[in-house]
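Visitor:
Number of protein chains: 2
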Amino acid sequence: MQTFYSASAIETMEQRFRTNLINSLSGFKSLNLIATRDLRQNTNLAIFNSVIHLGANPALMAFVVRPDSVERHTLENILETGYFTINHIHQAIIKQAHQTAARYPKDVSEFTATGLTPELKNNFYAPYVKESILQIGLQFKERVDIVTNGTSIIVGQIEQLYLPTHIIATDGFVNLEEAGTVTGIGLDSYHATKQITRLTYAKPDKALQELVTTYLHERE
Amino acid sequence: MQTFYSASAIETMEQRFRTNLINSLSGFKSLNLIATRDLRQNTNLAIFNSVIHLGANPALMAFVVRPDSVERHTLENILETGYFTINHIHQAIIKQAHQTAARYPKDVSEFTATGLTPELKNNFYAPYVKESILQIGLQFKERVDIVTNGTSIIVGQIEQLYLPTHIIATDGFVNLEEAGTVTGIGLDSYHATKQITRLTYAKPDKALQELVTTYLHERE
């Protein structure tokens with residue numbers, strides 16, 4: 001059985017029902033912890049499910065912020081200092097990552113509140129999440145505002161990247177599943193993954209093949 | 221063992237290696253087919269891994285286009301007609317979905333080339349993908365350009381939504397895993413999912429609980 005919702009059905013839904021429903025529709029989401037540090041050395045940590053790839057050269061990533069929400073501390077710190085980190089979430093830190101979404105006062109660091117560990121290294125101003133298996137340090141490049149609903153897209157360029165050696169393939173592919181990175185639906189559902197296939201580059205009139213992944217280094 | 225890449229290491233990577241690496245870093249990606257129809261009734265279909273949720277009220281979704289790429293036909297048709305559809309990808313149509321990324325001439329419809337079926341219904345100008353289990357019809361709202369690398373973010377508002385009744389929870393959550401929606405890494409890796417948990421809304425000083433999902437209707 002199929003359900004159809006029109007624009008007016010969506011408009012008149014109970015608010016919490018609509019929030020959950022519409023948040024589920026884009027498909028599986030990336031789940032990342034974004035960490036920042038303001039000029040008075042206060043750290044901030046928040047979970048985001050909107051991080052996307054924007055381009056490889058220059059190496060750019062982007063995410064959505066709602067300036068009137070708990071996410072505003074992340075935005076303020078990025079605009080103040082120019083730096084932030086993106087840190088992957090794996091099964092062992094799901095609860096701590098989810099808890100960073102609570103509305104703590106600005107003088108309470110979500111690192112302290114959740115027990116995750118800020119890691120300052122390599123002269124990078126923003127802290128990394130020590131527990132994360134894949135860590136990315138970015139420099140703020142651009143903010144674009146979406147007029148339709150007052151959200152903003154924040155664009156950063158990759159300055160530093162730390163990841164487990166054994167998940168890097170010879171062709172550059174990174175096996176996030178092997179690292180235990182999780183994915184999500186909506187605002188609160190966490191999922192592990194199971195690879196189905198990798199496929200060769202698509203060309204007209206050429207049949208797709210399964211791609212066999214080889215790695216730069218064996219797992220130790 | 222951990223690998224560190226600096227900004228200059230990323231800049232000097234072999235191009236294909238960098239493309240695969242950087243494309244893998246955002247985490248698991250949504251995978252969707254975006255379908256359009258131009259004013260001469262030609263249909264177009266392309267796979268996108270950048271669709272994100274932008275807001276629930278109004279119900280907005282967004283995705284990234286590279287105007288100099290194969291994706292430009294999608295962009296041209298959206299700007300010409302104002303409508304597009306977002307269609308989920310499940311295991312049975314992975315190969316066909318991947319093949320839509322091939323550079324077909326504009327007069328060849330990727331529907332015809334891949335064997336997927338355009339479905340016109342409910343007076344919506346853009347076609348749906350008949351094989352997709354979850355289909356969303358959107359009206360174009362806004363295009364914002366990213367100066368840093370010349371990409372654009374396309375924003376649409378949901379006008380129509382079709383989904384299986386049995387995956388809609390009483391709180392509005394949509395169980396995409398139950399529908400078979402797949403997720404991806406990078407440009408070519410396809411993954412099924414296995415739910416780990418749903419968690420209650422995070423509040424300071426309140427312990428998180430597992431959330432039990434109940435559904436509006438039993439599966440038939």
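Keeping their order, the protein sequence lines are chains G and X.
Our numbering applies: residue 1 is where the first sequence begins, and numbers increase by one.
Our numbering applies: residue 221 is where the second sequence begins, and numbers increase by one.
Note that beta-carbon positions come from the ideal geometry of N, C-alpha and C, so glycine has one too.
Is it true that the stretch 57 to 74 of chain G meets the stretch 148 to 160 of chain G, where meeting means three or more beta-carbon pairs spaced less than 8 Å apart?
Guide: Touching, per the Cβ criterion.
Visitor: I'd like the span of the beta strand (DSSP E) that includes G/Ala56, first residue to last.
Guide: Ile52 to Ala56
Visitor: Closer than 9 Å, CB to CB, is G/Thr183 near chain X or not?
Guide: yes
Visitor: Residues of chain X with a CB under 9 Å from the CB of G/Tyr128: which are they?
Guide: Chain X residues near G/Tyr128: none, gap ~12 Å exceeds 9 Å.
Visitor: Using 9 Å as the limit for Cβ to Cβ distance, is X/Gly335 near chain G?
Guide: No - not a single Cβ of chain G is within 9 Å of the one on X/Gly335.
Visitor: Just list the alpha helix (DSSP H) runs in the stretch 316 to 370 of chain X, keeping only unbroken ones of 4 residues or longer that don't cross its boundaries, in chain order.
Guide: 330 to 334
Visitor: Thinking C-alpha only, which one of G/Thr81, G/Leu31 and G/Ala97 is nearest G/Gly115?
Guide: G/Ala97
Visitor: What do you reckon, are the CB atoms on G/Leu33 and G/Ala46 nearer than 9 Å?
Guide: Yes.
Visitor: Which residues, taken in chain order from the stretch 77 to 109 of chain G, show a beta carbon closer than 7 Å to some beta carbon of chain X?
Guide: His88, Gln91, Ile94, Lys95, His98, Gln99, Ala101, Ala102, Arg103 and Tyr104
Visitor: May I ask you to report which of helix, strand or coil DSSP gives X/Ala427?
Guide: coil
Visitor: Is there a Cβ from chain G that is less than 9 Å from the Cβ of X/Phe331?
Guide: Closer than 9 Å to the CB of X/Phe331 there is not a single CB belonging to chain G.
Visitor: Using Cβ-Cβ distances below 9 Å, what residues of the stretch 6 to 27 of chain G are close to chain X?
Guide: Per Cβ criterion, the list reads Ser6, Ala7, Ala9, Ile10, Glu11, Met13, Glu14, Gln15, Arg16, Phe17, Arg18, Thr19, Asn20, Leu21, Ile22, Asn23, Ser24, Leu25, Ser26 and Gly27.
Visitor: Is X/Thr413 close to chain G, meaning its C-beta is less than 9 Å from at least one C-beta of that chain?
Guide: yes
Visitor: Put G/Glu214 into one of helix, strand or coil per three-state DSSP.
Guide: Correcting the residue type first, residue 214 of chain G is Thr in the shown sequence and not Glu. When secondary structure is reduced to three states using DSSP, G/Thr214 falls in the coil class, being assigned neither helix nor strand.
Visitor: Tell me whether X/Tyr379 sits in a helix, a strand or coil according to DSSP, three-state version.
Guide: A small correction: the amino acid at residue 379 of chain X is Glu; Tyr does not occupy that position in the sequence shown. Correct three-state label for X/Glu379: strand.
Visitor: If we count Cβ pairs, one from each stretch, closer than 8 Å, do we get three or more for the stretch 422 to 431 of chain X versus the stretch 101 to 109 of chain G?
Guide: yes
Visitor: So, is G/Val212 buried or exposed, given that buried needs 16 or more other C-beta atoms within 10 angstroms?
Guide: exposed
Visitor: Where do the ends of the alpha helix (DSSP H) carrying X/Tyr299 lie?
Guide: Reading off the sequence, residue 299 of chain X comes out as Leu, not Tyr. Start and end: Arg292 to Thr301.
Visitor: DSSP puts X/Gly404 in a beta bridge; with which residues?
Guide: X/Lys249 and X/Tyr410
Visitor: Out of X/Glu231, X/Glu339, X/Glu362 and X/Thr403, state which residue places its alpha-carbon closest to the alpha-carbon of X/Ala255.
Guide: X/Glu339
Visitor: Quick test of your reading: G/Ser26 and X/Ile272, contact by CB under 8 Å. State the CB separation rounded to the nearest angstrom.
Guide: 5 Å
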